[in-house]
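**Student:** Take any residue in the sequence shown, note its place counting from 1, add 19, and you have its number in our numbering.
Got a structure for you, questions after.
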Amino acid sequence: MTATACTNGKPQRRQLADQLDRLDAIIDALAEGLNGAVADACREGTRLAVKDAIVEIMTNPQLRAMLAPQAVPVPAARPRSP
Numbered sequence: 020m021t022a023t024a025c026t027n028g029k030p031q032r033r034q035l036a037d038q039l040d041r042l043d044a045i046i047d048a049l050a051e052g053l054n055g056a057v058a059d060a061c062r063e064g065t066r067l068a069v070k071d072a073i074v075e076i077m078t079n080p081q082l083r084a085m086l087a088p089q090a091v092p093v094p095a096a097r098p099r100s101p
């Protein structure tokens, strides 16, 4: 990718603006790839954490007992006085 023209037998130097444009394009591509990689990693990490938490809740008898609905005692009905 060295398209340099010759002037008086000397190769023309690349322009700084061209190099900056190329660098900008590379940085943009890296930024897009990084955002996607971070999103994928967060999604996978969250999925695994939720899965592990559910497995722990379902297999731990103490946690299941704490989360199970407790029976609420029903107060005894008082006889009505006539």
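Even for Gly, the Cβ is constructed at its ideal location relative to N, Cα and C.
At what residues does the alpha helix (DSSP H) containing N54 begin and finish?
**Tutor:** Boundaries of the alpha helix (DSSP H) around N54: 35–78.
**Student:** Just the Cα atoms here: how many angstroms apart are D47 and A36?
**Tutor:** 16 angstroms
**Student:** If the criterion is Cβ atoms closer than 9 angstroms, does the pair I76 and R83 meet it?
**Tutor:** yes
**Student:** With DSSP run on the structure shown, which of helix, strand or coil describes A87?
**Tutor:** coil
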